[in-house]
Amino acid sequence: MEYIYASLLLYKAGKELSEENIKRVLEAAGVAVDDVRVKSLVAALKNIDIAKVLEQALAAPVAAAPVQA
Amino acid sequence: MEYIYASLLLYKAGKELSEENIKRVLEAAGVAVDDVRVKSLVAALKNIDIAKVLEQALAAPVAAAPVQA
Amino acid sequence: MEYIYASLLLYKAGKELSEENIKRVLEAAGVAVDDVRVKSLVAALKNIDIAKVLEQALAAPVAAAPVQA
Amino acid sequence: MEYIYASLLLYKAGKELSEENIKRVLEAAGVAVDDVRVKSLVAALKNIDIAKVLEQALAAPVAAAPVQA
Amino acid sequence: MEYIYASLLLYKAGKELSEENIKRVLEAAGVAVDDVRVKSLVAALKNIDIAKVLEQALAAPVAAAPVQA
Amino acid sequence: MEYIYASLLLYKAGKELSEENIKRVLEAAGVAVDDVRVKSLVAALKNIDIAKVLEQALAAPVAAAPVQA
Amino acid sequence: MSAVARTYPKWKTEQLEDLVELLKKYKVFLIGDLTGVPASHVQRLRKKLAKTAEVRVVKPKLFAIALERVGIDPEAFKDLLTGQNIVFFTNENPFDVALKIHNIVTMDYYKPGEKTDKEIVIPEGNTGIPPGPMLSVFGKLKIQTKVQANVIHVAKDTVVAKPGDVISPELSSILQKLGLALKEIRLRLKAGYDGILIPGESLILNIDQYVEMVKAASLDALKIAVELAVPEPEVLPLVLSKAVRQATALAVEAGYVTPETVELVLKAAETKAQALAYEVSRLAPELGIEVK
Numbered sequence: 005m006e007y008i009y010a011s012l013l014l015y016k017a018g019k020e021l022s023e024e025n026i027k028r029v030l031e032a033a034g035v036a037v038d039d040v041r042v043k044s045l046v047a048a049l050k051n052i053d054i055a056k057v058l059e060q061a062l063a064a065p066v067a068a069a070p071v072q073a
Numbered sequence: 005m006e007y008i009y010a011s012l013l014l015y016k017a018g019k020e021l022s023e024e025n026i027k028r029v030l031e032a033a034g035v036a037v038d039d040v041r042v043k044s045l046v047a048a049l050k051n052i053d054i055a056k057v058l059e060q061a062l063a064a065p066v067a068a069a070p071v072q073a
Numbered sequence: 005m006e007y008i009y010a011s012l013l014l015y016k017a018g019k020e021l022s023e024e025n026i027k028r029v030l031e032a033a034g035v036a037v038d039d040v041r042v043k044s045l046v047a048a049l050k051n052i053d054i055a056k057v058l059e060q061a062l063a064a065p066v067a068a069a070p071v072q073a
Numbered sequence: 005m006e007y008i009y010a011s012l013l014l015y016k017a018g019k020e021l022s023e024e025n026i027k028r029v030l031e032a033a034g035v036a037v038d039d040v041r042v043k044s045l046v047a048a049l050k051n052i053d054i055a056k057v058l059e060q061a062l063a064a065p066v067a068a069a070p071v072q073a
Numbered sequence: 005m006e007y008i009y010a011s012l013l014l015y016k017a018g019k020e021l022s023e024e025n026i027k028r029v030l031e032a033a034g035v036a037v038d039d040v041r042v043k044s045l046v047a048a049l050k051n052i053d054i055a056k057v058l059e060q061a062l063a064a065p066v067a068a069a070p071v072q073a
Numbered sequence: 005m006e007y008i009y010a011s012l013l014l015y016k017a018g019k020e021l022s023e024e025n026i027k028r029v030l031e032a033a034g035v036a037v038d039d040v041r042v043k044s045l046v047a048a049l050k051n052i053d054i055a056k057v058l059e060q061a062l063a064a065p066v067a068a069a070p071v072q073a
Numbered sequence: 034m035s036a037v038a039r040t041y042p043k044w045k046t047e048q049l050e051d052l053v054e055l056l057k058k059y060k061v062f063l064i065g066d067l068t069g070v071p072a073s074h075v076q077r078l079r080k081k082l083a084k085t086a087e088v089r090v091v092k093p094k095l096f097a098i099a100l101e102r103v104g105i106d107p108e109a110f111k112d113l114l115t116g117q118n119i120v121f122f123t124n125e126n127p128f129d130v131a132l133k134i135h136n137i138v139t140m141d142y143y144k145p146g147e148k149t150d151k152e153i154v155i156p157e158g159n160t161g162i163p164p165g166p167m168l169s170v171f172g173k174l175k176i177q178t179k180v181q182a183n184v185i186h187v188a189k190d191t192v193v194a195k196p197g198d199v200i201s202p203e204l205s206s207i208l209q210k211l212g213l214a215l216k217e218i219r220l221r222l223k224a225g226y227d228g229i230l231i232p233g234e235s236l237i238l239n240i241d242q243y244v245e246m247v248k249a250a251s252l253d254a255l256k257i258a259v260e261l262a263v264p265e266p267e268v269l270p271l272v273l274s275k276a277v278r279q280a281t282a283l284a285v286e287a288g289y290v291t292p293e294t295v296e297l298v299l300k301a302a303e304t305k306a307q308a309l310a311y312e313v314s315r316l317a318p319e320l321g322i323e324v325k
């Protein structure tokens, strides 16, 4: 999830979700960065409407946890 | 929310949630850091069982259901 | 509820839930304080494990929020 | 949460949610007040319908009871 | 998701989630295997408790899913 | 569930859900394959619109949850 | 064998040869129970499966001999090959063929003396039948009727038979008059063979169950993918949502106010205050604290 938190941090800060930016943030947090992962994350993020996802994230119900009986 | 994402990034990376660390991550993301805010966040986070909060964040809103009047 | 909010404010601030403290907070908020009520509040709070009550109330998950009323 | 309880206390007491009022209540509770935080809190509170938000909060007994099925 | 299914297949079959095993399964399915991806998958799988994850509800709000731009 | 995982692996890889393919994947995972089971699986999958089912799985994860295989 | 074969008439020998040919040509066969299946349904089966299978009505003894001839032990089929049998020879997936056969249904009228396997309901409404002798038949079956505009109306939905009941002549005639062909005729498969014997009850796949399994499997994969934060288009929105939820929960718990968290923080504070108020009001009802 580190990569995701780093991306959201940048997104909220209004910065570009580029490989360099994500890498810099991760490194500042002391995370050993995997370039391939960053690359594929950046590519995947490009195809997502993050604003919309964030909006829905809090609105949507979570899948009901297996309600313990 | 940038401060929170920075904290979560550090938390997941297994790093200490110290003022310095949060500041460093925020700065790497190009965020102009407000020292007082970092201080009070760090203080607040100290009193929280983050693992538990994160887990519960994903739990189904069981308690919410019966509330409708 | 003013008495409860005042108590929680003190509790979260790590202060003693004494009659004087509660009174002072209420007065600062411009509330006309009833000594007898403060006394019985303090007595009741002594018999409550506030930490536990607050923790259980965390059951209010984020997702519950947008439930339109 | 001290700032929030101070605000709720003032709200219920029918007082204005001004910086001065919140500060006074916090100080009465022995909290070292951070001006920036108060400022941003007051700004944030201005944009929401507190009455409605409080109404949507979970009812006590449900939230308090460890939900067991 | 092919990599995930391959991992789950091995997991349910009681086999080790090793790079070789995952590679063999993917190749049997006619998938052109990316060694780096397999490596990072194996490393990531080591950090999660698969049984627990499967047991729990999907740790994400469901309605958010179809948001793809 | 191994048989289902193997099928979905093939499906996601864009391969035919044939007896031979499923068998090959299962064997690569070290699963002792039951021919009749593979045959019945292939027949059943022929009668299922997998794309649609996968979509529905996301929409109604609650219903899907209790199915133990 | 030759001594035995000689005792059969020529047509039987021909039939045997035919069956042996089919068993050699096809590696799969399915055996259906023809008992009580009308010729019209068999006709439909033959027609609908023309491209899938060769169909024969077989005599048990003859089929057993044919099986033996091609090296299949007829012993396993001993209990299956009683009565009237129809056999489908195919090279297709036996489960697939079984589903096809199972899905061919002919609706027919219940005849007097037959047992029903389901509840029969005479629906409320206009029967189109003029009052007269039929009125008493309705009466006999305890179906409430009223006559409107010289037509018998059924007053309300009426159950006239439960599973296991025997159809009376009256009920049979009413069902006919009302055009209610409720009896489902489908061929019951006794077994299939594809290298091994597959019992009839295993032949008809429960597709719904497979659907649920596919759903469960896809959900399993999604759970793991979300947990690993796999950056794939179908997973990433879920992972982002999860992160947002966690961040929000943490912000709320820390009382961290931003324009987007302020409502949630307030709600959380109020919820906690309510919880405490509830406890306090129990111990000190004299405070008159109003708990939601």
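Chains as they are written, first to last, in the numbering used here: chain A, 5 to 73; chain B, 5 to 73; chain C, 5 to 73; chain D, 5 to 73; chain E, 5 to 73; chain F, 5 to 73; chain G, 34 to 325. A virtual CB, placed ideally from N, CA and C, is assigned to each residue, including glycine.
When Cβ atoms are compared, which residues of the region 30-52 of chain F fall closer than 8 angstroms to chain G? Close to chain G, meaning a Cβ-Cβ distance shorter than 8 angstroms, are the following residues of the region 30-52 of chain F: Asp-39, Val-40, Lys-43, Ser-44, Leu-45, Val-46, Ala-47, Ala-48, Leu-49, Lys-50, Asn-51, Ile-52.
Quick one: using the 10 Å Cβ neighbour count with 16 as the cut-off for buried, is Thr-160/G buried or exposed? To locate residue 160/G, count along the seventh sequence from 1; it is residue 127. Taking all protein chains in view, the Cβ of Thr-160/G is crowded by 16 or more other Cβ atoms within 10 Å, so the residue is classified as buried.
Burial state of Lys-50/A, where buried means 16 or more other Cβ atoms lie within 10 Å: Start at 1 with the first residue of the first sequence, and residue 50/A comes out as number 46. Note on Lys-50/A: under 16 other CB atoms within 10 angstroms of its CB, so exposed under the neighbour-count rule.
Examine the Cβ distances between the region 60-72 of chain G and the region 216-225 of chain G and report whether three or more of them are shorter than 8 angstroms. Three or more pairs of CB atoms, one per stretch, sit closer than 8 angstroms, so the region 60-72 of chain G contacts the region 216-225 of chain G.
If the cut is a Cβ gap below 7 angstroms, which residues of chain G does Ala-55/B touch? By one-based count along the second sequence, residue 55/B stands at place 51. Going along chain G, no residue has its Cβ under 7 angstroms from Ala-55/B, so there is no contact; the nearest lies around 11 angstroms.
Across which residues does DSSP place Ile-153/G in a beta bridge pair? Within the seventh sequence, numbered from 1, the residue matching residue 153/G stands at position 120. Under DSSP, Ile-153/G forms a beta bridge with Ala-194/G.
For a test of the three-state rule: what should DSSP assign to Tyr-243/G, helix, strand or coil? In the seventh sequence, counting from the first residue as 1, residue 243/G sits at position 210. Residue state, collapsed to three classes: helix.
Enclosing beta strand (DSSP E) for Lys-223/G [first to last residue]: Locating residue 223/G in the seventh sequence gives position 190, counting from the first residue. Note, Lys-223/G: beta strand (DSSP E), 221-226.
For Thr-115/G, I'd like the list of residues in its chain whose CB is within less than 7 angstroms of its CB, leaving aside the five on either flank, ordered along the chain. The sequence position of residue 115/G within the seventh sequence is 82, counting from 1. For Thr-115/G, where only same-chain residues beyond five positions count, the Cβ hits under 7 angstroms are Pro-93.
Which residues DSSP lists as bridging Gln-181/G, in chain order: Here residue 181/G refers to the residue found at position 148 when the seventh sequence is read from its first residue. Val-184/G.
Determine the direct distance from the alpha carbon of Lys-16/D to that of Ala-36/D, and round the result to whole angstroms. Translated into positions along the fourth sequence, residue 36/D becomes position 32. Translated into positions along the fourth sequence, residue 16/D becomes position 12. A straight-line Cα-Cα distance of about 23 angstroms links Ala-36/D and Lys-16/D.
Does any CB atom of chain D fall closer than 8 angstroms to the CB of Leu-21/C? The residue given as residue 21/C occupies position 17 in the third sequence. Not an interface residue.
Please compile the residues from chain G whose C-beta is within a distance smaller than 8 angstroms of the C-beta of Leu-58/E. For this step, residue 58/E is matched to residue 54 along the fifth sequence. Ordered by position in chain G, the residues that pass the 8 angstroms Cβ test against Leu-58/E are Asp-253, Lys-256, Ile-257.
To be precise: take each residue of the region 290-305 of chain G, compare its Cβ to all Cβ atoms of chain C, and keep it if any distance is under 8 angstroms. Which residues remain? The region 290-305 of chain G vs chain C, Cβ under 8 angstroms: Glu-296, Leu-297, Lys-300, Ala-301, Ala-302, Thr-304, Lys-305.
Closer than 8 angstroms by beta-carbon distance: list the chain A residues that pair up with Glu-6/B, in chain order. The sequence position of residue 6/B within the second sequence is 2, counting from 1. Listed along chain A, the residues sitting closer than 8 angstroms to Glu-6/B by beta-carbon distance are Leu-13, Lys-16, Ala-17.
Note down, in chain order, each residue of its chain lying with its Cβ closer than 7 angstroms to the Cβ of Glu-14/G, except the 5 sequence neighbours on either side. Residue 14/G is absent from the structure shown; chain G starts at 34 and stops at 325.
Cα-Cα separation, Met-5/B to Ala-258/G: As a working note, residue 5/B is residue 1 in the second sequence. As a working note, residue 258/G is residue 225 in the seventh sequence. For Met-5/B and Ala-258/G, the distance between alpha carbons rounds to 25 angstroms.
Am I right that Val-61/G and Pro-145/G are in contact with their C-beta atoms under 8 angstroms? What's the rounded C-beta distance? On the seventh sequence, position 28 is the one that residue 61/G refers to. On the seventh sequence, position 112 is the one that residue 145/G refers to. Rounded to whole angstroms, the Cβ separation of Val-61/G and Pro-145/G is 40 angstroms, and the two are not in contact under 8 angstroms.
Per DSSP, which one or two residues make a beta bridge with Lys-148/G? Counting from one through the seventh sequence, the residue named residue 148/G turns up at place 115. BP columns for Lys-148/G point to Val-199/G.
Take the Cβ of Glu-260/G as the centre, count every other Cβ of all protein chains shown within 10 Å, and call the residue buried at 16 or more, exposed below. Reading the seventh sequence from its first residue, position 227 is the one you call residue 260/G. By the neighbour-count rule (16 or more Cβ atoms within 10 Å), Glu-260/G is buried.
At a CB-CB cut-off below 9 angstroms, which residues of chain G make contact with Ala-10/C? Taking the first residue of the third sequence as 1, we reach residue 10/C at position 6. Ordered by position in chain G, no residue passes the 9 angstroms Cβ test against Ala-10/C, which lies about 10 angstroms from the chain.
Local conformation of Met-167/G per DSSP, three classes: Here the question's residue 167/G lines up with position 134 in the seventh sequence. In the three-state reduction of the DSSP assignment, Met-167/G falls in the helix class, which pools H, G and I.
On the CB-based measure, 16 or more other CB atoms within 10 Å of its CB, does Pro-156/G come out buried or exposed? For the purposes of this step, residue 156/G is identified with residue 123 of the seventh sequence, where counting begins at 1. Burial call: exposed.
Per DSSP, what are the beta-bridge partners of Gly-18/B in this structure? Translated into the one-based positions of the second sequence, residue 18/B becomes position 14. Note: Gly-18/B sits in no beta bridge, so no partner.
Take Leu-62/E as the anchor and find which of Val-324/G, Leu-215/G, Ala-249/G, Ala-282/G has the nearest alpha-carbon. Within the fifth sequence, numbered from 1, the residue matching residue 62/E stands at position 58. Looking only at Val-324/G, Leu-215/G, Ala-249/G, Ala-282/G, the smallest Cα-Cα distance to Leu-62/E is reached by Ala-249/G.
For a cutoff of 8 angstroms on Cβ pairs, would you count Val-154/G as touching chain E? For the purposes of this step, residue 154/G is taken as residue 121 along the seventh sequence, with counting starting at 1. Not an interface residue.
For Val-29/F, the nearest candidate out of Lys-43/F, Ala-10/F, Val-57/F (CA to CA): Working through the sixth sequence from its first residue, we reach residue 29/F at position 25. Considering only alpha carbons, the answer is Ala-10/F.
Simplified DSSP assignment, three categories, for Thr-85/G: Here residue 85/G refers to the residue found at position 52 of the seventh sequence. Residue state, collapsed to three classes: coil.
DSSP-derived helix/strand/coil call for Val-66/D: Looking up residue 66/D in the fourth sequence gives position 62. For Val-66/D, the predicted model reports a pLDDT of 40, less than 50, meaning its position is unreliable and no value from the coordinates is stated.
Under 8 angstroms, Cβ to Cβ, is there at least one residue of chain F near Val-71/E? Position 67 of the fifth sequence, counted from the start, is the residue given in the question as residue 71/E. Residue confidence for Val-71/E is low, a pLDDT of 38 falling below 50, so the modelled location carries little weight; the figure read from the coordinates is stated next. Cβ-Cβ to chain F under 8 angstroms: no for Val-71/E.
I want to verify the contact list: residues of chain F whose CB lies under 7 angstroms from the CB of Ala-214/G, in sequence order. On the seventh sequence, residue 214/G is found 181 positions in, with the first residue counted as 1. Close partners of Ala-214/G in chain F (Cβ separation under 7 angstroms) are lacking, with about 27 angstroms as the shortest Cβ gap.
Here's the rule: buried if 16 or more other CB atoms are within 10 angstroms of the residue's CB, otherwise exposed. What is Ser-22/A? Working through the first sequence from its first residue, we reach residue 22/A at position 18. Result: exposed.
Buried or exposed by the 16-neighbour rule on C-beta atoms within 10 Å, applied to Asn-239/G: Against the seventh sequence, residue 239/G aligns to sequence position 206. Burial call: exposed.
Go through its chain and collect everything with a Cβ distance to Glu-50/G's Cβ below 7 angstroms, but skip five positions before and after it. Locating residue 50/G in the seventh sequence gives position 17, where the first residue counts as 1. Closer than 7 angstroms at Cβ, skipping near neighbours: no residue.
Apart from the five residues on each side of it in sequence, which residues of its chain come closer than 6 angstroms, Cβ to Cβ, to Leu-14/B? Start at 1 with the first residue of the second sequence, and residue 14/B comes out as number 10. Answer for Leu-14/B: Leu-21, Asn-25, listed in chain order.
Counting contacts by CB-CB distance shorter than 8 angstroms, is Pro-65/F in contact with chain G? Here residue 65/F corresponds to residue number 61 of the sixth sequence, with the count starting at 1. Confidence in Pro-65/F is poor, its pLDDT being 45 and thus under 50, which makes the residue's placement unreliable; the coordinate value appears in the next sentence. Yes, because at least one Cβ of chain G sits closer than 8 angstroms to the Cβ of Pro-65/F.
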